[in-house]
Amino acid sequence: MGLLNAAIWLGAATFCTLAVLPVVNSQKMMSLLGQTYFPYLSEAIGRVVMTRLFHWQVFFALVAWLHLVLEWLYLGRMPRRFWVTLLTLLFCMSLLGGLWLNPKLMALHRVQHAGNVPPANREVAARSFRVWEGVFQALNVLLIAGVGVYFWRLTTNEDTPRFVTPVKFRG
1 MGLLNAAIWL GAATFCTLAV LPVVNSQKMM SLLGQTYFPY LSEAIGRVVM TRLFHWQVFF
61 ALVAWLHLVL EWLYLGRMPR RFWVTLLTLL FCMSLLGGLW LNPKLMALHR VQHAGNVPPA
121 NREVAARSFR VWEGVFQALN VLLIAGVGVY FWRLTTNEDT PRFVTPVKFR G
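For the sequence shown, the working numbering assigns the number 1 to the initial residue and increments by one for each residue that follows.
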């Protein structure tokens, strides 16, 4: 369960970041949407995709937590502090990105492209949008790296004894 969750989590985050978002901002999308609507619609589509991704990341983080707790209860292995901290950070970063940063970017995007807003305010919103978009992308890359580390933890078996003596097999 945990390996499948981490694989889907890592795959979804990587696919959205490396495949979907570049397509949304590509020349083919510009020719499809038209030069007039492209800047507004392509970014709005990207925001909708990222909103869904961050909601899924919260879900995957909760499932990973549940897996960690069930592993502790069923197998009796106390989880290491590093993994608990990593999952907590991934969960908090997903909440931060999905519930605070992405809605902030959506609001700045609307102000940036609003026709009834003075040009000075639109320029301020555009500059602020670029800064917060960089923060958002950095957060997304950190999330992908963290999920990659978590996936690695699940694929390696570090909690087993390194050496097993023959005495342990005798009855």
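Idealized CB from N, CA, C, for every residue including glycine.
In the DSSP assignment, find the alpha helix (DSSP H) that holds residue i and state where it starts and stops.
i: N116; result: Segment: none, N116 is in no alpha helix (DSSP H) and carries neither H nor E.
i: Q27; result: Q27 to L33
i: P79; result: P79 -> no alpha helix (DSSP H), and no H or E assigned at all.
i: L4; result: G2 to F15
i: L18; result: Neither: L18 is in no alpha helix (DSSP H) and is coded neither H nor E.
CA-CA distance, residue i and residue j?
i: Y74; j: H67; result: 10 Å
i: R77; j: F91; result: 22 Å
i: R81; j: A61; result: 16 Å
i: S29; j: L105; result: The question names Ser, but residue 29 in the sequence shown is Met. The alpha-carbon atoms of M29 and L105 are separated by roughly 21 Å.
i: M1; j: V58; result: 17 Å
i: W9; j: V147; result: 7 Å
Which residues in the same chain have their Cβ closer than 7 Å to the Cβ of residue i, if we skip the five residues on either side of it in sequence?
i: W56; result: A12
i: T51; result: G98 and N102
i: I45; result: V24
i: E133; result: L105
Is it the case that the Cβ atoms of residue i and residue j are separated by a distance below 8 Å?
i: N5; j: V69; result: no
i: M93; j: L142; result: yes
i: L108; j: F129; result: yes
i: V49; j: L3; result: no
i: A125; j: Q112; result: yes
i: Y150; j: L89; result: no
Note down, in chain order, each residue of its chain lying with its Cβ closer than 6 Å to the Cβ of residue i, except the 5 sequence neighbours on either side.
i: A120; result: none
i: F15; result: none
i: F38; result: M30
Starting from the C-beta of residue i, find all residues in its chain whose C-beta is less than 8 Å away, skip the five residues before and the five after it, and write them out in chain order.
i: E123; result: none
i: Y114; result: A small fix is needed here, since residue 114 is Ala in this sequence, not Tyr. Correct list, in chain order: R122.
i: E71; result: G2, R77 and P79
i: L139; result: M93, L96, G97 and L101
i: S117; result: For clarity, residue 117 is Val in the given sequence; the question names Ser instead. Contacts found: V111 and A125.
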